[in-house]
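Asks:
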Amino acid sequence: MVYDAWDPDIGYYRNELTVEVTMNVLGLPRYQDYSCSGAGQARIVLGAWLVSANERFPEPEGTEAAEEFLSYYDPSALDLSLTHAMLDLPPRTVARVVEEHWEALLSADTTTEELAELLELPLTGEDALPDPTWASGWDTRPVPTDPDGRDPVCP
69 MVYDAWDPDI GYYRNELTVE VTMNVLGLPR YQDYSCSGAG QARIVLGAWL VSANERFPEP
129 EGTEAAEEFL SYYDPSALDL SLTHAMLDLP PRTVARVVEE HWEALLSADT TTEELAELLE
189 LPLTGEDALP DPTWASGWDT RPVPTDPDGR DPVCP
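What the sequence shown shows, in our numbering, is residues 69 to 223, in sequence order.
1. In terms of residue numbering, what span does the alpha helix (DSSP H) encompassing VAL221 cover?
2. According to DSSP, is PRO212 part of a helix, a strand, or is it coil?
3. Give me the Cα-Cα distance between TYR140 and PRO223, rounded to the nearest whole angstrom.
4. Are SER175 and ASP142 close, meaning C-beta to C-beta below 8 Å?
5. Restricting to Cα atoms, I'd like to know which of THR151, GLU168 and GLU182 is closest to ASP199.
6. Could you check how far apart the C-beta atoms of ASP162 and TRP202 are, in whole angstroms? I think they sit under 8 Å.
7. How long is the line joining the alpha carbons of THR86 and LEU197, rounded to whole angstroms?
8. Can you give me the C-alpha to C-alpha distance between PRO158 and GLY130, rounded to a whole angstrom?
9. Check THR131 in the structure and name its three-state DSSP category.
10. By a C-beta neighbour count over all protein chains shown, 10 Å radius and 16 as the cutoff for buried, is GLN109 buried or exposed?
11. To the nearest angstrom, how far is it from the Cα of SER103 to the Cα of SER144?
12. Distance check for VAL113 and SER120, CA to CA, integer angstroms please.
13. Residues in the same chain with beta-carbon distance under 8 Å from ARG111, minus the five sequence neighbours each way, listed in chain order, please.
14. Once the 5 residues before and after ASN83 are set aside, which same chain residues still bring their CB inside 7 Å of it?
15. Taking the DSSP output, what are the residues bridged to SER120?
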């Protein structure tokens, strides 16, 4: 939800605007209204990359923005690892893959593993993605609503 008073020249509002637009474009529910798990969905990793791609973000704010976005959707360890790997790739490399596979990446059925394959990032072997670590402390999530300890899957 975007408000008229939001001034994109102010960092807080710029970040909120970026997050709101990204959620809407990717078809993700607003985290403020509906807690759900996007674990394993390529679109939450793509969303994290998109919010960090704001050219006004110097490092480490881009990584912080990506991790904050991920934290809204109860990410898996692989989601976090792939997000960090994508942030290390040349933006043109990621953009090319996103452009070529946009429709598939919008689907909740496209997995994080499939996105890694499209980006030619190995998940096993010597060159596999490293174990994830949260760089900015966004590893806290809302209390899950399902008894199994996870939020319901994001539609």
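Glycine included, C-beta positions come from ideal geometry on N, C-alpha and C. Model, not experiment: these values are computed from the prediction.
Replies: So, from the data block:
1. From DSSP, VAL221 is part of no alpha helix (DSSP H); its letter is neither H nor E.
2. Residue placement at PRO212 cannot be trusted, given a pLDDT of 46 that sits under 50; the coordinates are not used to answer.
3. Taking the straight line from one Cα to the other gives about 14 Å.
4. The answer is no: Cβ separation not under 8 Å.
5. In this structure, THR151 is the residue among THR151, GLU168 and GLU182 with its C-alpha nearest to the C-alpha of ASP199.
6. For clarity, residue 162 is Val in the given sequence; the question names Asp instead. For a cut-off of 8 Å, the C-beta gap from VAL162 to TRP202 is around 21 Å, too long to register as a contact.
7. Those two C-alpha atoms are separated by around 27 Å.
8. Approximately 14 Å, taken between the alpha carbons.
9. In the structure shown, THR131 sits in a helix (DSSP, three-state: H, G or I).
10. GLN109 comes out buried.
11. One alpha carbon belongs to SER103, the other to SER144, and they sit about 15 Å apart.
12. Those two C-alpha atoms are separated by around 11 Å.
13. Hits under 8 Å: LEU94, GLY95, LEU96, LEU173, LEU174, SER175, ALA176 and THR178.
14. Only ALA133 meet the Cβ criterion.
15. DSSP, once it has assigned bridges, lists no residue as partnering SER120.
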